[in-house]
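Visitor: Converting from the sequence shown to our numbering requires adding 5 to each position, the first position being numbered 1.
Even glycine gets a Cβ: it sits at the ideal position worked out from N, Cα and C.
One structure, as structure tokens, below. Some questions next.
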Amino acid sequence: MSGNFLIYGANGYTGELITRFAVERGMKPILAGRNAIAIEALAKKHHLEYRVFSLDEKDRLDEALQEVELVLHCAGPFSLTVQPMVEACLRHKKHYTDITGEIAVFEAMARLDEKARDAGIMIMPGVGFDVVPSDCLAKHLKDRLPTATHLSLAFYGTGKLSHGTQATMTMNVGRGGAIRMDGKITPVPAAWKKREIDFGETTKTGVTIPWGDVAAAYYSTGIPNIEVFTVVPEKNLKMLRLSRYLSWLLATKPFQDY
Numbered sequence: 006m007s008g009n010f011l012i013y014g015a016n017g018y019t020g021e022l023i024t025r026f027a028v029e030r031g032m033k034p035i036l037a038g039r040n041a042i043a044i045e046a047l048a049k050k051h052h053l054e055y056r057v058f059s060l061d062e063k064d065r066l067d068e069a070l071q072e073v074e075l076v077l078h079c080a081g082p083f084s085l086t087v088q089p090m091v092e093a094c095l096r097h098k099k100h101y102t103d104i105t106g107e108i109a110v111f112e113a114m115a116r117l118d119e120k121a122r123d124a125g126i127m128i129m130p131g132v133g134f135d136v137v138p139s140d141c142l143a144k145h146l147k148d149r150l151p152t153a154t155h156l157s158l159a160f161y162g163t164g165k166l167s168h169g170t171q172a173t174m175t176m177n178v179g180r181g182g183a184i185r186m187d188g189k190i191t192p193v194p195a196a197w198k199k200r201e202i203d204f205g206e207t208t209k210t211g212v213t214i215p216w217g218d219v220a221a222a223y224y225s226t227g228i229p230n231i232e233v234f235t236v237v238p239e240k241n242l243k244m245l246r247l248s249r250y251l252s253w254l255l256a257t258k259p260f261q262d263y
């Protein structure tokens with residue numbers, strides 16, 4: 006029992022940031038991923054152990070999990086990668102975390118609650134920006150307003166998107182938006198609702214997006230009606246609204262591959 010943890014997808018944009026952060030704090034995670042050249046280079050840079058395997062290599066995945074107590078899964082899009090990793094964690098009773106923001110993944114992980122309890126492990130998706138800060142804020146608001154029935158969260162930022170986030174957004178662009186209504190995930194058109202949001206230092210126009218809190222905040226707060234807004238540049242807003250009419254095209258394989 007090493008007490009160590011494994012970062013899968015460590016060579017991705019966010020995975021590299023997490024690796025650097027961990028090393029700066031004296032941790033020595035085992036790095037893993039399917040790109041041998043990138044993983045080896047990153048591991049040598051930080052003087053860490055590494056493993057190379059894809060998630061469909063069940064034997065090598067099982068072997069890697071024997072060496073750790075927890076997995077931090079950073080290889081998205083998670084709708085395509087979460088199942089083999091979380092199933093391996095259940096098999097070997099290893100704690101599972103990831104940095105997803107995908108509503109479908111949160112809901113799928115919630116359905117594994119009983120299996121996780123039986124295995125004595127934690128399954129905690131969304132331990133990155135989506136959804137840790139917003140989920141904490143949602144819980145704080147619920148504690149302050151215990152009879153709340155509606156929750157609206159909003160944020161904006163100036164940073165660049167990681168490659169994994171861009172890939173996930175591309176996959177989902179033709180699927181519209183989502184809110185939680187009366188306790189159920191409810192599909193809505195892209196950029197379904199628009200509102201002016203007072204951020205204190207400035208007021209900006211936000212639109213609804215299918216952010217992870219639509220799923221996660223329900224389990225943290227019990228609030229049955231949840232919407233999440235973000236600030237979108239005007240040109241992007243036009244594209245989102247256009248996607249309502251081109252969803253059939255945007256969901257096709259040629260567009261996704263492009």
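Only counting the same chain, and skipping five residues up and downstream in sequence, which positions put a Cβ closer than 8 Å to that of residue 115?
Guide: Locating residue 115 in the sequence shown gives position 110, counting from the first residue. Only 220, 224 meet the Cβ criterion.
Visitor: Out of curiosity, what's the CA-to-CA distance linking residue 53 and residue 19?
Guide: What you label residue 53 is simply residue 48 of the sequence shown in a count that begins at 1. What you label residue 19 is simply residue 14 of the sequence shown in a count that begins at 1. Near 17 Å, if we compare the C-alpha coordinates of residue 19 and residue 53.
Visitor: Put residue 201 into one of helix, strand or coil per three-state DSSP.
Guide: By 1-based counting over the sequence shown, the position of residue 201 is 196. Strand.
Visitor: Under a three-way DSSP split, which group does residue 47 fall into?
Guide: Reading the sequence shown from its first residue, position 42 is the one you call residue 47. In the three-state reduction of the DSSP assignment, residue 47 falls in the helix class.
Visitor: Do the CB positions of residue 139 and residue 111 come within less than 8 Å of each other?
Guide: In the sequence shown, residue 139 corresponds to position 134, counting from 1. In the sequence shown, residue 111 corresponds to position 106, counting from 1. Not closer than 8 Å, so no.
Visitor: Comparing C-alpha positions only, which one of 231, 154, 208 sits nearest to residue 192?
Guide: Working through the sequence shown from its first residue, we reach residue 192 at position 187. Nearest option by C-alpha distance: 231.
Visitor: Give the DSSP-derived three-state secondary structure of residue 107 in the structure shown.
Guide: Residue numbering aside, residue 107 sits at position 102 when the sequence shown is read from its first letter. Correct three-state label for residue 107: coil.
Visitor: What whole-angstrom Cβ distance do residue 106 and residue 131 have, given they're in contact under 8 Å?
Guide: If you number the sequence shown from 1, residue 106 lands on position 101. If you number the sequence shown from 1, residue 131 lands on position 126. 6 Å between Cβ atoms; contact.
Visitor: Just to confirm my understanding: we take residue 142, look at its own chain, exclude 5 residues before and 5 after, and list those with CB closer than 8 Å. What are they?
Guide: Your numbering for residue 142 matches position 137 in the sequence shown. Closer than 8 Å at Cβ, skipping near neighbours: 158.
Visitor: If distances are taken between C-alpha atoms only, which option among 59, 96, 201, 134 comes closest to residue 123?
Guide: Mapped onto the sequence shown, residue 123 falls at position 118. Ranking 59, 96, 201, 134 by Cα distance to residue 123 puts 96 first.
Visitor: With a 10 Å radius around its C-beta and 16 neighbouring C-beta atoms as the bar for buried, classify residue 23 as buried or exposed.
Guide: Within the sequence shown, numbered from 1, the residue matching residue 23 stands at position 18. It counts as buried.
Visitor: Cα separation between residue 202 and residue 182?
Guide: Sequence index remark: in the sequence shown, residue 202 carries index 197 (1-based). Sequence index remark: in the sequence shown, residue 182 carries index 177 (1-based). About 19 Å.
Visitor: Expressed to the nearest angstrom, what Euclidean distance is found between the alpha-carbon atoms of residue 82 and residue 148?
Guide: Locating residue 82 in the sequence shown gives position 77, counting from the first residue. Locating residue 148 in the sequence shown gives position 143, counting from the first residue. Going by the C-alpha atoms only, they are around 33 Å apart.
Visitor: How would you call residue 12, buried or exposed, if buried means at least 16 neighbouring beta carbons within 10 angstroms?
Guide: Residue numbering aside, residue 12 sits at position 7 when the sequence shown is read from its first letter. That one is buried.
Visitor: Could you give the uninterrupted runs of the beta strand (DSSP E) lying entirely in the segment 94 to 142, keeping only those of 3 residues or more?
Guide: Complete beta strand (DSSP E) runs here, min 3: 100 to 103.
Visitor: Return the residue from the list 118, 50, 59 that minimises the CA-CA distance to residue 39.
Guide: As a working note, residue 39 is residue 34 in the sequence shown. Residue 59 is the option with its Cα nearest to residue 39.
Visitor: Hey, how far is the Cα of residue 283 from the Cα of residue 87?
Guide: Outside the shown range of the chain, which is 6 to 263, sits residue 283, and nothing can be said about it.
Visitor: Rounding to the nearest angstrom, what Cα-Cα distance links residue 245 and residue 204 in this structure?
Guide: Residue numbering aside, residue 245 sits at position 240 when the sequence shown is read from its first letter. Residue numbering aside, residue 204 sits at position 199 when the sequence shown is read from its first letter. If I take the Cα positions, the gap works out to 23 Å.
Visitor: Sorted by chain position, which residues of the same chain lie with C-beta nearer than 6 Å to residue 129's C-beta, five sequence neighbours on each side aside?
Guide: Along the sequence shown, one-based indexing puts residue 129 at 124. Excluding positions up to five away in sequence, the list reads 102.
Visitor: Less than 8 Å between the C-beta atoms of residue 236 and residue 210, yes or no?
Guide: Taking the first residue of the sequence shown as position 1, residue 236 is located at position 231. Taking the first residue of the sequence shown as position 1, residue 210 is located at position 205. Taking a C-beta distance under 8 Å as the contact criterion, residue 236 and residue 210 qualify as a contact pair.
Visitor: Would you identify the three-state DSSP class for residue 42, choosing helix, strand or coil?
Guide: Working through the sequence shown from its first residue, we reach residue 42 at position 37. Three-state DSSP puts residue 42 in a helix.
Visitor: Quick one: give me the first and last residue of the beta strand (DSSP E) that residue 213 is part of.
Guide: Stepping through the sequence shown from its first residue, residue 213 is reached at position 208. It spans 208 to 213 - the beta strand (DSSP E) in which residue 213 sits, taken as one unbroken run.
Visitor: How far does the alpha helix (DSSP H) with residue 25 in it extend, from its first residue to its last?
Guide: Taking the first residue of the sequence shown as position 1, residue 25 is located at position 20. From DSSP, the alpha helix (DSSP H) with residue 25 extends over 18 to 29.
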